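In what follows, a single structure is set out as structure tokens and then discussed.
Protein chains: 2
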Amino acid sequence: MDTKQLVNTLKALADPTRLKIVSLLNHRSCCVCELVPIFGISQPAVSKHMSKLKSADLVLESRRGQWVIYSLNHERLEQVRFALGSLPDYSDEFERLAEQGLLVTCE
Amino acid sequence: MDTKQLVNTLKALADPTRLKIVSLLNHRSCCVCELVPIFGISQPAVSKHMSKLKSADLVLESRRGQWVIYSLNHERLEQVRFALGSLPDYSDEFERLAEQGLLVTCE
DNA sequence: ACTTGAAATAACCATATGGTTATAATAGCA
DNA sequence: TGCTATTATAACCATATGGTTATTTCAAGT
Numbered sequence: 001m002d003t004k005q006l007v008n009t010l011k012a013l014a015d016p017t018r019l020k021i022v023s024l025l026n027h028r029s030c031c032v033c034e035l036v037p038i039f040g041i042s043q044p045a046v047s048k049h050m051s052k053l054k055s056a057d058l059v060l061e062s063r064r065g066q067w068v069i070y071s072l073n074h075e076r077l078e079q080v081r082f083a084l085g086s087l088p089d090y091s092d093e094f095e096r097l098a099e100q101g102l103l104v105t106c107e
Numbered sequence: 001m002d003t004k005q006l007v008n009t010l011k012a013l014a015d016p017t018r019l020k021i022v023s024l025l026n027h028r029s030c031c032v033c034e035l036v037p038i039f040g041i042s043q044p045a046v047s048k049h050m051s052k053l054k055s056a057d058l059v060l061e062s063r064r065g066q067w068v069i070y071s072l073n074h075e076r077l078e079q080v081r082f083a084l085g086s087l088p089d090y091s092d093e094f095e096r097l098a099e100q101g102l103l104v105t106c107e
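Each protein sequence line maps, in turn, to chains A and B.
Numbering of the first sequence is given in full-length UniProt numbering, commencing with residue 1 and proceeding in unit increments.
Numbering of the second sequence is given in full-length UniProt numbering, commencing with residue 1 and proceeding in unit increments.
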């Protein structure tokens, strides 16, 4: 998972409603119509949240009749945890700056 | 860390500039004036990012002369990872809804 | 006390975000 | 085919966000 993907996934998680949706899906899969009464927001609002979670690969979608069942992509959540535990190494960033004479030494 | 705090911390991380700042601080502590040339944004912009990271407890601040040295709060980052690995249990949420007759069963 | 330099704050602006209502699109059933 | 139920999309709106420039605060040196 590159930085752009990680940021996108963190954005998807960084909202109280979506974080709670993820928590609910961690318990069991849900369709949109189950989530609407839980959050007291409109169906399109829930739908947009799911769309954001899906584009971040945090949920998986499957149709069952008229319903769309969303389930948590546990693997993706683990990838986020791993990424936060092994952030990219920017030690060469400082070297690059030093070469360009942009490294400010404040001492 | 409660949900509100977690969301706030995830918001702080969910920005490419701040995530890179956190990655840099993971390597070594920095002052604001060192970060400005790295990101090519204005000093107040960096300052606001640091303020957001600080309010999320992700960085620690210490003055050395005229400089403010920011360092990563590794513990906080670990707390986020842990929280994402043990999301709140909402199994009773469904029971509560069932009692209120709000539980939609889509089958 | 004055000046200098670093960082924070204020005021502002364009875009992103999370909600709404109205309207499609899709699937199941009489 | 039509009717109903579920979900997605469109258009819109208020607020949040991330940037800017101008100004203020704070510490150090002369």
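Virtual Cβ for every residue (Gly too), placed ideally from N, Cα, C.
As the structure is a computational prediction, the values presented were derived from the model and not from experiment.
Contacts between Pro16(A) and chain B, judged by CB atoms closer than 8 Å, involve Thr3, Lys4 and Val7 in chain order. Here Arg63(B) carries a strand assignment [DSSP, helix/strand/coil]. Taking the Cα positions, Arg28(B) is about 23 Å away from Leu10(A). Close to Tyr90(B), with beta-carbon spacing below 9 Å, are these residues of chain A in chain order: Lys20, Ser23, Leu24, Asn26, His27 and Ile38. Counting every other CB atom within 10 Å of its CB across the protein chains shown gives His74(A) a total below 16, marking it as exposed.
Fewer than three Cβ pairs drawn from the stretch 61 to 68 of chain B and the stretch 52 to 59 of chain A lie within less than 8 Å of each other, which leaves the two stretches out of contact.
Sequence-distant Cβ neighbours of Met1(A) in its own chain, meaning closer than 6 Å and more than five residues away, are Gln79 and Ala83.
As DSSP reads the structure, Ile21(B) sits in no beta bridge.
Interface criterion met: the Cβ of Glu78(A) is under 9 Å from a Cβ in chain B. Between Leu24(B) and Ile41(B), the gap from beta carbon to beta carbon reaches 9 Å or more. Look at Leu10(A): its C-beta is under 9 Å from a C-beta on chain B. Just measuring C-alpha positions, the residue of Thr3(B), Asn8(B), Gly85(B) and Ile21(B) sitting nearest Leu87(A) is Ile21(B).
According to the DSSP secondary-structure assignment, Ile38(A) is paired through a beta bridge with no residue. Within the same chain, Cβ atoms closer than 6 Å to the Cβ of Trp67(B) are found at Cys31, the five residues on either side in sequence being excluded.
Interface with chain A (9 Å Cβ-Cβ cutoff): Glu61(B) is excluded.
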